[in-house]
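Just so you know, we're using our numbering here: the sequence shown kicks off at 312 and counts up by one.
For every residue, glycine included, the Cβ atom is placed at its ideal position computed from N, Cα and C.
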Amino acid sequence: MKNRWMNAKWLGLITILAAFASGCGKNHLSTLRPAGEVGQEQFDLMLLSIIIMLFVVIAVSIVFTIAVVKSRRKNMGEDFEPKDIAGNHTLEVIWTAIPIILLIILAVPTVYLTFKQSDTEASENDAGEVNSEEVVINVTANQYWWEFEYPNVGVVTGQELVVPTDTKVYFNLQASDVKHSFWVPAAGGKMDTNVEGINSFYLTFDDEKAQDSNRLFYGKCAELCGPSHALMDFKVKTLPEDEYNQWLADMKSIEEPVQASASDAAEGQEIFNNSCIGCHAVTPTGAGAQGPNLTNFGDRELIAGYLAHSEENLINWISDPEAFKPDNKMTGAYDLTDEEIASVAAYLMELKVEEGSGDVETLRQNAEESSEEGSTESSGESEGSAEEASSEEPAAEGEESTEEASPESGEEASEEASSEPSEESASDSEESTSESDEEGGN
Numbered sequence: 312m313k314n315r316w317m318n319a320k321w322l323g324l325i326t327i328l329a330a331f332a333s334g335c336g337k338n339h340l341s342t343l344r345p346a347g348e349v350g351q352e353q354f355d356l357m358l359l360s361i362i363i364m365l366f367v368v369i370a371v372s373i374v375f376t377i378a379v380v381k382s383r384r385k386n387m388g389e390d391f392e393p394k395d396i397a398g399n400h401t402l403e404v405i406w407t408a409i410p411i412i413l414l415i416i417l418a419v420p421t422v423y424l425t426f427k428q429s430d431t432e433a434s435e436n437d438a439g440e441v442n443s444e445e446v447v448i449n450v451t452a453n454q455y456w457w458e459f460e461y462p463n464v465g466v467v468t469g470q471e472l473v474v475p476t477d478t479k480v481y482f483n484l485q486a487s488d489v490k491h492s493f494w495v496p497a498a499g500g501k502m503d504t505n506v507e508g509i510n511s512f513y514l515t516f517d518d519e520k521a522q523d524s525n526r527l528f529y530g531k532c533a534e535l536c537g538p539s540h541a542l543m544d545f546k547v548k549t550l551p552e553d554e555y556n557q558w559l560a561d562m563k564s565i566e567e568p569v570q571a572s573a574s575d576a577a578e579g580q581e582i583f584n585n586s587c588i589g590c591h592a593v594t595p596t597g598a599g600a601q602g603p604n605l606t607n608f609g610d611r612e613l614i615a616g617y618l619a620h621s622e623e624n625l626i627n628w629i630s631d632p633e634a635f636k637p638d639n640k641m642t643g644a645y646d647l648t649d650e651e652i653a654s655v656a657a658y659l660m661e662l663k664v665e666e667g668s669g670d671v672e673t674l675r676q677n678a679e680e681s682s683e684e685g686s687t688e689s690s691g692e693s694e695g696s697a698e699e700a701s702s703e704e705p706a707a708e709g710e711e712s713t714e715e716a717s718p719e720s721g722e723e724a725s726e727e728a729s730s731e732p733s734e735e736s737a738s739d740s741e742e743s744t745s746e747s748d749e750e751g752g753n
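As structure tokens, then:
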């Protein structure tokens with residue numbers, strides 16, 4: 312009795328701790344607060360599976376409880392013998408048909424959503440290039456940071472993903488070193504980023520739900536990739552379409568690095584240009600650098616993906632990156648004094664993008680021109696293929712006519728061809744004979 316009481320106490324304690332632990336998660340990393348259409352569809356499918364499982368558990372529990380209560384020995388008697396139900400067709404149909412029906416109910420929406428959410432054909436035009444009319448972002452995963460390229464406008468950022476709301480955002484995923492996994496929990500399920508091959512999918516971000524979360528969502532790497540895998544985070548900033556276009560135009564307008572204004576920042580810029588520029592770019596062009604693009608570093612929310620954005624944290628990060636992200640590429644890559652590190656930090660904090668500096672109309676015109684060029688190239692290719700096909704048709708007809716010719720006709724033709732020269736040669740010999748006779752007569 313005492314042992315049972317102790318077991319019950321431990322079971323109750325574990326249940327209470329589990330209940331408390333379930334509330335220790337972070338709201339911005341929860342799949343239970345979907346941020347858009349894709350996340351909502353996956354959330355609804357999860358609810359459907361939970362409802363089906365609850366139905367099974369409750370039904371089995373009820374049947375089990377009834378059987379236990381009714382079949383007690385004191386109720387049935389010592390001599391009671393249970394009824395043999397082996398071969399009962401009714402029961403066999405019931406416990407076979409019900410699971411099949413439940414599986415069908417779960418399988419139909421699962422298969423439908425799988426094909427629907429994997430459809431990314433709209434991200435490419437007829438020529439197989441990036442569709443300039445859609446929002447397409449190339450994502451490159453690196454140990455332990457993220458690079459985001461906007462191919463339609465030629466803009467590259469690092470660690471902070473900016474997307475428009477209320478529209479499909481297509482992602483092309485690839486890794487530069489080892490396998491990673493791109494995951495924005497509130498927006499939808501994860502997808503692997505492979506070194507070889509590109510995985511594509513799309514996400515959507517609802518504007519109202521984005522406002523509820525201060526227009527910020529969080530993403531993570533969901534595939535073990537090294538010692539700092541748990542720290543490979545990034546932030547997603549969601550903007551209305553007009554603000555998103557303005558942000559792209561502002562980024563595109565930066566052709567030269569931002570010049571430092573303060574004296575210490577100017578010293579930091581000189582140090583940066585002599586060492587850090589080898590891995591980090593400060594203009595929003597070019598992908599595939601050794602380190603994150605720092606063009607808009609001063610506007611970011613986080614440092615190294617998870618530290619609060621402050622100059623103090625930045626100095627600590629530059630001084631000893633290994634202490635914050637083990638096995639990162641910055642460790643041991645430079646040798647700077649404390650004063651030089653402070654100057655570099657001051658310069659980086661000044662790297663901000665001036666709002667409204669870009670021309671949205673110019674950005675749209677460039678996008679339209681690229682779209683027209685793509686359609687022209689695709690139409691030219693289709694016309695060329697049509698001409699090739701038409702030129703091949705007569706040749707094919709000629710081949711068919713040659714094949715249709717019978718062997719007999721070929722033999723007759725060869726005989727005629729062989730007889731004609733013989734006749735011609737005979738006539739030539741007759742003419743030469745007559746000529747010789749005439750000459751002899753003269």
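Enclosing beta strand (DSSP E) for residue i [first to last residue]
| i | result |
| --- | --- |
| residue 475 | 471 to 475 |
| residue 514 | 510 to 515 |
| residue 550 | 544 to 550 |
| residue 576 | Run containing residue 576: none in the beta strand (DSSP E); it sits in the alpha helix (DSSP H), 574 to 585. |
| residue 492 | 491 to 494 |
| residue 452 | 446 to 453 |
| residue 649 | Element bounds for residue 649: not the beta strand (DSSP E) but the alpha helix (DSSP H), 649 to 660. |
| residue 428 | Where residue 428 is concerned, there is no enclosing beta strand (DSSP E), although the alpha helix (DSSP H) it sits in stretches over 400 to 428. |
| residue 483 | 479 to 486 |
| residue 608 | Premise fails: residue 608 is in no beta strand (DSSP E) and is neither H nor E. |
| residue 503 | 502 to 504 |
| residue 507 | Note, residue 507: premise wrong, no beta strand (DSSP E); not H, not E. |
| residue 617 | Unbroken run through residue 617: none, as it is neither H nor E. |
Where residue i falls, given that 16 or more other Cβ within 10 Å makes a residue buried
| i | result |
| --- | --- |
| residue 463 | buried |
| residue 400 | exposed |
| residue 611 | buried |
| residue 385 | exposed |
| residue 721 | Note that residue 721 scores a pLDDT of 43, beneath 50, so its modelled location is shaky; the value from the coordinates is reported in the next line. Counting Cβ neighbours within 10 Å, residue 721 comes out exposed, since fewer than 16 surround it. |
| residue 777 | Here the chain has residues from 312 to 753 only, and residue 777 is not among them. |
| residue 388 | exposed |
| residue 606 | buried |
| residue 502 | buried |
| residue 672 | exposed |
| residue 733 | The predicted model places residue 733 with a pLDDT of 41, which falls under 50 and marks its position as unreliable; any figure quoted below should be read in that light. Residue 733 is exposed by the Cβ-count criterion. |
| residue 482 | buried |
Supposed close pair residue i, residue j - CB separation, criterion 8 Å
| i | j | result |
| --- | --- | --- |
| residue 475 | residue 527 | No, residue 475 and residue 527 are not in contact; Cβ-Cβ is about 15 Å, not under 8 Å. |
| residue 660 | residue 623 | With 8 Å as the limit, residue 660 and residue 623 do not qualify as a contact, their Cβ atoms being about 11 Å apart. |
| residue 477 | residue 560 | About 19 Å separates the two Cβ atoms, so there is no contact after all. |
| residue 350 | residue 498 | 5 Å |
| residue 417 | residue 340 | Rounded, the Cβ-Cβ distance is 26 Å, inconsistent with contact. |
| residue 521 | residue 506 | So it is not a contact: roughly 33 Å between Cβ atoms. |
| residue 484 | residue 515 | Residue 484 to residue 515, Cβ: 17 Å. No contact. |
Alpha-carbon spacing of residue i relative to residue j, whole angstroms
| i | j | result |
| --- | --- | --- |
| residue 372 | residue 329 | 23 Å |
| residue 366 | residue 614 | 47 Å |
| residue 420 | residue 577 | 59 Å |
| residue 434 | residue 565 | 26 Å |
| residue 472 | residue 641 | 22 Å |
| residue 532 | residue 513 | 17 Å |
| residue 589 | residue 450 | 21 Å |
| residue 601 | residue 638 | 14 Å |
| residue 662 | residue 603 | 14 Å |
| residue 431 | residue 368 | 38 Å |
| residue 544 | residue 409 | 44 Å |
| residue 569 | residue 345 | 38 Å |
| residue 678 | residue 668 | 18 Å |
| residue 357 | residue 519 | 23 Å |
| residue 634 | residue 542 | 12 Å |
| residue 595 | residue 632 | 24 Å |
| residue 650 | residue 584 | 16 Å |
| residue 327 | residue 343 | 21 Å |
| residue 453 | residue 546 | 15 Å |
| residue 379 | residue 331 | 34 Å |
Selected residue, minimal CA-CA separation from residue i, among the options
| i | options | result |
| --- | --- | --- |
| residue 398 | 406, 392 and 608 | 406 |
| residue 423 | 439, 353 and 487 | 353 |
| residue 582 | 656, 512, 510 and 391 | 656 |
| residue 460 | 441, 478, 477 and 454 | 441 |
| residue 646 | 630, 485, 660 and 659 | 630 |
| residue 666 | 592, 609 and 430 | 609 |
| residue 534 | 621, 524, 556 and 490 | 490 |
| residue 446 | 360, 454, 510 and 555 | 555 |
| residue 448 | 480, 418 and 428 | 480 |
| residue 347 | 517, 523 and 509 | 517 |
Where the alpha helix (DSSP H) containing residue i begins and where it ends
| i | result |
| --- | --- |
| residue 300 | Look at the range of the chain in this structure, 312 to 753, and you will see that residue 300 is not part of it. |
| residue 530 | Segment 527 to 532 is the beta strand (DSSP E) holding residue 530; no alpha helix (DSSP H) there. |
| residue 376 | 348 to 381 |
| residue 520 | 518 to 523 |
| residue 623 | 622 to 630 |
| residue 386 | 384 to 387 |
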